[in-house]
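Quick note: the sequence shown uses our numbering, first residue 25, plus one each step.
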Amino acid sequence: MRTTVTIDPDVEVLIERAMRETGAPFKQVLNDAVREGLRASPGKSKKAGRPYRQPVFDMGAAAMDLTRATVLAGELEDVELIEKLRRGR
25 MRTTVTIDPD
35 VEVLIERAMR
45 ETGAPFKQVL
55 NDAVREGLRA
65 SPGKSKKAGR
75 PYRQPVFDMG
85 AAAMDLTRAT
95 VLAGELEDVE
105 LIEKLRRGR
């Protein structure tokens, strides 16, 4: 299969180095590198380690009934607005 690939400068340096060290042509070095990379760890990065675990803590029951939280927030906002109007702001 023929295709066009844009190679980053750092990858180009690595390919050129491998070509010098092995004496292999560009096409072979590129195919070998892609083949090795895909076989090494399909679907995973080589840097992948253990999955991150987020610690969790039981915070107990809610201190207040949160089913009316938006109503309470609205009431508190109303009180704040009334105070601002009284102060003339």
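All C-beta atoms in this analysis are idealised placements derived from N, C-alpha and C, irrespective of residue type, glycine included. It should be emphasised that the depicted structure is a prediction, and the values quoted were computed from it without experimental measurement.
Under the three-state reduction of DSSP, which class applies to residue i: helix, strand or coil?
{"i": "residue 33", "result": "helix"}
{"i": "residue 81", "result": "coil"}
{"i": "residue 86", "result": "coil"}
{"i": "residue 27", "result": "coil"}
{"i": "residue 74", "result": "coil"}
{"i": "residue 57", "result": "helix"}
If you draw a straight line from the alpha carbon of residue i to that of residue j, how long is it in whole angstroms?
{"i": "residue 107", "j": "residue 97", "result": "15 Å"}
{"i": "residue 30", "j": "residue 36", "result": "10 Å"}
{"i": "residue 27", "j": "residue 77", "result": "41 Å"}
{"i": "residue 90", "j": "residue 33", "result": "56 Å"}
{"i": "residue 25", "j": "residue 83", "result": "59 Å"}
Would you say the region 29–42 touches the region 50–62, given that touching needs at least three Cβ pairs under 8 Å?
-> yes
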